[in-house]
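Here the structure is laid out as structure tokens; the discussion comes afterwards.
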Amino acid sequence: MISKDKKAQLKIQQMAFVLVAIFIFFAFISLIYVSIRMNFMKKQAVNLEADKAMEFAQKMTGVPELKWSQQCDSCIDLDKAMMLKNRTVYNDFFGLDHLSFEIIYPVITDKECITGNYPNCNKLTLISKSSYDTASRAYISLCRWDQETNNEMCYLGAVYASGKAVQSNT
Amino acid sequence: MIHKLNHKAQEEVVGFVMIIVLVAVIFTIFLGIMIHNTKRDNSYTSIEYTQFISALMEVNTPCVVYSPAHAKVSDLIGYCIDSQQCLDGSQSCSVLNKTLSDALSNSILVGPDRAIKGYSLSIIYNTTSSLKSIMTIEKGLCNSSSLVGSDQPLYHQGGVFTTTIKVCS
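Printed below as a string of structure tokens:
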């Protein structure tokens, strides 16, 4: 025969154990939920960072030193870029560690553009410091004036940019 | 009396376990709904492919309709809708198909071992009276739930043609 006091104590102990068990259970579930949510937010953050970098690369098409003169928001003047290539004064102008353009289509000779082979080349590097982070890429149109047909020629290309200006998106 | 006490203790334990199981089932269902909603958010309009389509529309093609300018992709889509021929006798739609296929192959590398499993580019011409599929170019397998893409509408002679790209990873 358990006395009434002991019975009450037993009831209180039971309730305490139940509460602790439920608390541990809720804590366990919350941990799982938070880790899944954090994982999802990390992916979103990576996507947002990539979008931010791509928006910056796209801004290159608005810079007067590189903008194609026609009404085209995503076009860069390859002839202007070629003129800038050897001008070291512009190395710090963009605030970048690396800036280059590449023609993706149509396929042209896989060569870095220099005065001697332009326009029979597909890569043009404006800035390339000794060390730089992975460059962000944005698709653009690379346009130039074709002397043979006396008309514009635009190619599908990409701009690669990396540096502090890309990270801070200024 | 002791026998009754044992039964009572067992009843208490069973009740406790039932509460735990009920709470566990409710939270598992809740968690499942949250995870399912999270997975659905993998499809989104990508800035990368918005830029890709904008740049693609400006590319000059081998087709010359009005000499000496080589038609841009955006113009060539219009010529294809109107079934016009290029000056060299080739069909504008054939040149457009080849240009887009080559541009996509060079830009987006697909394969079962690659990050991108497949893509699909479609051009649809919409007028007040009809909806017509002009062209569809597909490569790889696109059966995953992770889908990014973009579309760009352009006006052409009273209608709108929309170029849509979808990329699966």
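Line by line, the protein sequences give chains A and B.
Numbered per the working numbering, the first sequence spans residues -18 to 151.
Numbered per the working numbering, the second sequence spans residues 207 to 375.
Think of the CB as a built atom: it goes at the ideal place given N, C-alpha and C, for glycine as much as any other residue.
For S16(A), would you say it is in contact with chain B, using Cβ-to-Cβ distances shorter than 7 Å as the test?
no
Pick from I239(B), Q290(B), F258(B), G365(B): whose alpha carbon is nearest that of S335(B)?
G365(B)
So, with DSSP's three-state summary, where would you put V354(B)?
strand
Inter-residue CB distance, S375(B) and I322(B) (contact presumed, cutoff 8 Å)
5 Å
Can you check DSSP and say which residues form a bridge with V373(B)?
Y325(B), V354(B)
For Y141(A), which three-state DSSP category applies?
strand
Would you say A(-11)(A) reaches chain B, if we count a Cβ-Cβ gap shorter than 7 Å as a contact?
no
Distance, Cα to Cα, L327(B) vs V227(B)?
50 Å
Just the C-alpha distance for E344(B) and N312(B), rounded to the nearest angstrom, thanks.
14 Å
Within 7 Å of any Cβ in chain A, is that where the Cβ of P359(B) sits?
no
Helix, strand or coil for N172(B)? Go by DSSP, reduced to three states.
The question about residue 172(B) has no answer, for chain B in this structure spans 207 to 375.
Please check if any C-beta of chain B sits within less than 7 Å of the C-beta of I10(A).
yes
Three Cβ pairs or more, each shorter than 8 Å: is that satisfied between the segment 55 to 65 of chain A and the segment 99 to 112 of chain A?
yes
Note the first and the last residue of the continuous alpha helix (DSSP H) segment covering I253(B).
253 to 263
Check the Cβ of D308(B) against every Cβ in chain A and list those closer than 9 Å, keeping chain order.
Y86, P87, V88
Is the number of C-beta pairs between the segment 219 to 239 of chain B and the segment 3 to 20 of chain A that are closer than 8 Å three or more?
yes
Could you say if the segment 92 to 100 of chain A and the segment 135 to 146 of chain A meet the contact criterion of at least three C-beta pairs nearer than 8 Å?
no
Looking at chain A, which residues of the segment 251 to 272 of chain B have a Cβ within less than 7 Å of any of its Cβ atoms?
I253, E254, Q257, F258, S260, A261, L262, E264, V265, N266
Please report the straight-line C-alpha distance between S122(A) and S55(A), rounded to a whole angstrom.
6 Å
Which chain A residues sit within Cβ distance under 8 Å of E217(B)?
In chain order: nothing, as chain A lies at least about 12 Å away.
Just checking: is the beta-carbon of M64(A) within a distance shorter than 7 Å of some beta-carbon in chain B?
no
If we ignore side chains and look at the alpha-carbon of each, how far apart do S109(A) and N28(A) end up?
26 Å
The beta strand (DSSP E) that contains A119(A), what's its start and end?
117 to 127
Using a Cβ-Cβ cutoff of less than 8 Å, which residues in the same chain neighbour K92(A) once the five nearest sequence positions on both sides are dropped?
N98, N101, C102, N103, K104
Endpoints, alpha helix (DSSP H) assigned at L107(A)
Unbroken run through L107(A) is the beta strand (DSSP E), 104 to 109; no alpha helix (DSSP H).
If you pair each beta-carbon of the segment 260 to 280 of chain B with each one of the segment 290 to 306 of chain B, do three or more pairs fall below 8 Å?
yes
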